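Asks: Numbering-wise, the sequence shown is residues 1 to 106 according to full-length UniProt numbering.
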Amino acid sequence: MKCFDTEYDPSEWRLFIDSSKTRLEEVLLHNGNSFASLPLGHSLQMEENYNDLPMILEKINYQEYRWMVCGDFKMLTMLLVLAGRLHKISLLPMLMGQSSQRPPLD
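Structural data, given as structure tokens:
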């Protein structure tokens, strides 16, 4: 965000992952829609599957920024399953809508 002369706060953005039969893309969406969406990745070879998602999350540095994740039910279900399998990628709090500022859900 330095190139836009704007201070970047990861908690103000959410990660949207979407796919179709011909592509897979990752985009950052601003919570207040004050900024345009920022494409993080786009692939014509990768698919929405359990093998490609961990690599995608690693390439976009999800562990560092820990954006809230949004997507369709298929994508969110796959990420929840991955969160149970992969301990190094802690997705569950972000998928459940929790952050360090919010109390845990009961």
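Positions of the beta carbon are idealized from the N, C-alpha and C atoms, including for glycine. It should be emphasised that the depicted structure is a prediction, and the values quoted were computed from it without experimental measurement.
T6 by DSSP, collapsed to three states: which one?
Replies: As a position in the sequence shown, residue 6 is number 6, starting the count at 1. Under the three-state reduction of DSSP output, T6 falls in the coil class, being neither helix nor strand.
Asks: How long is the line joining the alpha carbons of M55 and N33, rounded to whole angstroms?
Replies: The residue labelled residue 55 in the question sits at position 55 within the sequence shown. The residue labelled residue 33 in the question sits at position 33 within the sequence shown. In a straight line, the C-alpha of M55 is about 28 Å away from that of N33.
Asks: List the residues that DSSP assigns as beta-bridge partners of S19.
Replies: Within the sequence shown, numbered from 1, the residue matching residue 19 stands at position 19. DSSP, once it has assigned bridges, lists L24 as partnering S19.
Asks: Are L28 and S43 close, meaning C-beta to C-beta below 8 Å?
Replies: Within the sequence shown, the letter at position 28 stands for residue 28. Within the sequence shown, the letter at position 43 stands for residue 43. Contact flag unset, no.
Asks: Here's a check: name, in chain order, each residue in its chain whose Cβ is nearer than 8 Å to the Cβ of M78, leaving out the five neighbours to either side.
Replies: If you number the sequence shown from 1, residue 78 lands on position 78. Excluding positions up to five away in sequence, the list reads E48, N49, Y50, L53.
Asks: Just curious, the alpha helix (DSSP H) that M55 is in, first and last residue?
Replies: One-based indexing of the sequence shown puts residue 55 at position 55. Residues 52-59.
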